[in-house]
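Residue numbers (my numbering), protein chains in the order written: chain A, 1 to 211; chain B, 212 to 422. Glycine residues also receive a C-beta, built at the ideal position from the N, C-alpha and C atoms.
2 protein chains.
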Amino acid sequence: MYGKLKMSIELTKIQKDILDFIIEKRSNNSIPPTLSEISEQFGYKNRSTVQQHILALEKKGYLKKTPNKSRYLEPVLEDKIFVPRPVLGEVAAGNPLVIYPDSIDSVELPSFVKIAATSFLLRVKGDSLKDAYIFNGDLVIVNTAVPIKNGAFVVAVLDDTAVIKRYIKLGDEIELRSENKEFKTIKLNCNYEGLRLIGVAVGIYRIMDSN
Amino acid sequence: MYGKLKMSIELTKIQKDILDFIIEKRSNNSIPPTLSEISEQFGYKNRSTVQQHILALEKKGYLKKTPNKSRYLEPVLEDKIFVPRPVLGEVAAGNPLVIYPDSIDSVELPSFVKIAATSFLLRVKGDSLKDAYIFNGDLVIVNTAVPIKNGAFVVAVLDDTAVIKRYIKLGDEIELRSENKEFKTIKLNCNYEGLRLIGVAVGIYRIMDSN
DNA sequence: TAATTTACCATACATTTGTATGGTAAATTA
DNA sequence: TAATTTACCATACAAATGTATGGTAAATTA
């Protein structure tokens, strides 16, 4: 049995910032940066400064690189297939949807799950969304940049309660339909103040962890 | 309103292969290849051959690149945030799990969902897995390379019926537990012939399409 | 205090990478 | 048939990228 590889040495703030930048670049749909690109990002006049930081990150075991290959910067994370992602809010049963300015928590997603910059994650708490077949602990991927079309699943706050329902607009009337037929369709006038549309739910991700 | 961008010109086999290679490299946890790396992959003696193919792909509108930047090869897909992924099998109610040698279908996953090479997708048909809170149309990400630990969600075939359940081995006895307490735990002897373990379910992905 | 680490800059050089240009042979199209 | 496209090779060059080496100043550690 192998013990968990320890990240023995602490990182300085700048080293951490650079590592985060690399992770972020890799995570968003983009590709890892070159030394020059990192240099530019942090306002250095010179690649060699970044060169030193990369070397430090490598020595401390946080980064792995392939010699003479461009952009081959691989962050070494404790569990290699997991990448931390911020969770920006929670949808709790009966409670208002709260989206925090900073992340309230960090979720470990398998590294193949990468989130676009215009999307954020919501973690579902409790059974408030079971009418949409979404359960406690599920992660909802919410995109705020996609225009809301008829028939889309929207994440909305309705009178302080978070809902994920199918959105249908017919003239002045808005219908919020549940996937589960046991739940009733909500009908609203389009200028109803109690409805706030947050974004479009583009997917559900459920991590099947072994606990 | 914008019409769907048409990929007017057909690709040749080699062009498609190269495009697929780029997409695959981007999709797996790796990074886009350089011309040299593509060249090596396809056994060319020279980068310039790939150079031509890349140019063709660009002209035909399948690829976008940034001049003078290494590895900046971005496949242009109809809907930019979606990437096609093969579905290798189906889990149908009451029927045996079928895994086909070739993909039976292609599913459009958001580009931030990237599947490791050792994983494959199974699409769930019907309500056969509702005891695991998995519903019709959901995609199960199955990893065949991960060792099956106690407590993991396994994809298994039990007497010709596909199941996704929590796997617990105690001595000679294997328990297959359902998440949903309404369903009973299955107990088996570890040498029971009717059980075939396919892999570990590492996640569920549900595409919330607007149909 | 002396040694070390950290954070930055500068320069030189080798390799990788992208690009431009030209060529050949086979297949396809006009 | 002639022109075009496709698929490959070769070479030369410039830009990008990684690397090696040396330096300074401030902060930290021994």
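Hey, how far is the Cα of residue i from the Cα of residue j?
i: Ser389 of chain B; j: Lys149 of chain A; result: 37 Å
i: Gly137 of chain A; j: Arg206 of chain A; result: 7 Å
i: Ile249 of chain B; j: Arg26 of chain A; result: 20 Å
i: Asn262 of chain B; j: Tyr255 of chain B; result: The question names Asn, but residue 262 of chain B is Gln in the sequence shown. Computed Cα separation, rounded: 11 Å.
i: Met419 of chain B; j: Leu139 of chain A; result: 13 Å
i: Ala303 of chain B; j: Asn68 of chain A; result: For Ala303 of chain B, the predicted model reports a pLDDT of 45, less than 50, meaning its position is unreliable; a value from the coordinates is still stated below. Rounded to the nearest angstrom, the two C-alpha atoms are 49 Å apart.
i: Pro286 of chain B; j: Pro244 of chain B; result: 12 Å
i: Leu408 of chain B; j: Ala367 of chain B; result: 4 Å
i: Ile242 of chain B; j: Thr49 of chain A; result: 24 Å
i: Val365 of chain B; j: Glu386 of chain B; result: 11 Å
i: Tyr72 of chain A; j: Asn400 of chain B; result: 48 Å
i: Lys65 of chain A; j: Arg258 of chain B; result: 24 Å
i: Gln252 of chain B; j: Ile233 of chain B; result: 11 Å
i: Glu10 of chain A; j: Gly203 of chain A; result: 36 Å
i: His264 of chain B; j: Leu274 of chain B; result: 10 Å
i: Lys181 of chain A; j: Asp131 of chain A; result: 8 Å
i: Glu235 of chain B; j: Ile186 of chain A; result: 43 Å
i: Lys380 of chain B; j: Phe183 of chain A; result: 39 Å
i: Val163 of chain A; j: Pro147 of chain A; result: 18 Å
i: Leu369 of chain B; j: Phe346 of chain B; result: 19 Å
i: Leu406 of chain B; j: Ala412 of chain B; result: 16 Å
i: Gly61 of chain A; j: Gly272 of chain B; result: 41 Å
i: Glu193 of chain A; j: Glu384 of chain B; result: 58 Å
i: Tyr70 of chain A; j: Gly171 of chain A; result: Reading the sequence as shown, one finds Ser at residue 70 of chain A and not Tyr. Computed Cα separation, rounded: 55 Å.
i: Gly402 of chain B; j: Thr223 of chain B; result: Contrary to the premise, residue 402 of chain B reads as Asn rather than Gly in this sequence. The straight-line gap from Cα to Cα measures roughly 51 Å.
Using a C-beta cutoff of 8 Å, does residue i count as contacting chain A?
i: Val368 of chain B; result: no
i: Glu242 of chain B; result: Per the sequence presented here, residue 242 of chain B reads as Ile, with Glu not at that position. Yes, because at least one Cβ of chain A sits closer than 8 Å to the Cβ of Ile242 of chain B.
i: Tyr273 of chain B; result: no
i: Asp231 of chain B; result: no
How should residue i be labelled, buried or exposed, when 16 other C-beta atoms within 10 angstroms of its C-beta is the threshold for buried?
i: Gly151 of chain A; result: exposed
i: Lys376 of chain B; result: buried
i: Ile352 of chain B; result: buried
i: Ile14 of chain A; result: exposed
i: Asp246 of chain B; result: Looking at the sequence shown, residue 246 of chain B is not Asp but Leu. Buried is the call here.
i: Tyr344 of chain B; result: buried
i: Gly199 of chain A; result: buried
i: Tyr167 of chain A; result: buried
i: Leu88 of chain A; result: With a pLDDT of 45 at Leu88 of chain A, under the threshold of 50, the predicted position of this residue should be treated as unreliable, though the coordinate-derived value follows. Leu88 of chain A is buried by the Cβ-count criterion.
Can you pull the DSSP bridge partners for residue i?
i: Tyr378 of chain B; result: B:Leu387
i: Pro75 of chain A; result: A:Leu63
i: Gly199 of chain A; result: A:Val155
i: Asn400 of chain B; result: B:Glu384
i: Leu230 of chain B; result: DSSP lists no partner for Leu230 of chain B.
Any beta-carbon of chain B closer than 8 Å to the one on residue i?
i: Ile204 of chain A; result: yes
i: Ser70 of chain A; result: yes
i: Phe135 of chain A; result: yes
i: Ala56 of chain A; result: no
i: Phe153 of chain A; result: yes
i: Gly194 of chain A; result: no
Flag residue i as yes when its Cβ comes closer than 7 Å to any non-hydrogen atom of the ligand NAP, and as no otherwise.
i: Leu176 of chain A; result: Among the components modelled here there is no ligand, and therefore nothing to report on the ligand NAP.
contact_flag[the segment 261-277 of chain B, the segment 219-233 of chain B] where n(CB pairs < 8 Å) is 3 or more: yes
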